[in-house]
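So the structure is just underneath, and the comments pick up after that.
Numbering (the numbering used here), first residue to last: 57 to 193.
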């Protein structure tokens, strides 16, 4: 369990650090101009929906993948399925953050919220056990 958790933690850290670096380099976070909210028009509202949709879709797909794990399996046997579900959720969040960064950089604050949420999702043994407690058919 410890080794598989270590791999998952390394992947999570790598994804988070990569997004933070991309936002610092490409997003020009040196000035505090990104904290100013741009004018909200219909186009901006569409981009505001991206992080919300990414969070809901990512959590839905994560939960559906975790629920497919057979209850009879041991915790060690469930970990690879959990890893793939977690990677799927993180990939959706990362994709949403990069969409905002590249397509609508004036709403970069939304991408920062996605990154903060993703950092909050860091894997721990307790979280994994809690997520896997009610799994399976």
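For each residue, glycine too, the CB sits at the ideal point set by N, CA and C.
{"query": "Option in 186, 179 and 187 with minimal Cα separation from residue 59", "result": "179"}
{"query": "Residue 162, DSSP secondary structure in three states", "result": "helix"}
{"query": "Among 77, 126, 170 and 112, nearest to residue 189 - alpha-carbon criterion", "result": "126"}
{"query": "Proximity of residue 157 and residue 165 at Cβ, strictly below 8 Å", "result": "no"}
{"query": "The stretch 107-123 in contact with the stretch 139-149 per 3-pair CB rule at 8 Å", "result": "yes"}
{"query": "Alpha helix (DSSP H) segment containing residue 82, residue limits", "result": "58-82"}
{"query": "Three-state class that DSSP yields for residue 127 in the structure shown", "result": "coil"}
{"query": "Separation of residue 171 from residue 71, as counted between CA atoms", "result": "10 Å"}
{"query": "CB of residue 167 within 8 Å of CB of residue 79, strictly", "result": "yes"}
{"query": "Per-residue burial, residue 184 [other beta carbons within 10 Å of its own, 16 or more giving buried]", "result": "buried"}
{"query": "Contact belief for residue 106 with residue 155 at Cβ below 8 Å, rounded distance in angstroms", "result": "6 Å"}
{"query": "Distance CB(residue 149)-CB(residue 110) smaller than 8 Å", "result": "yes"}
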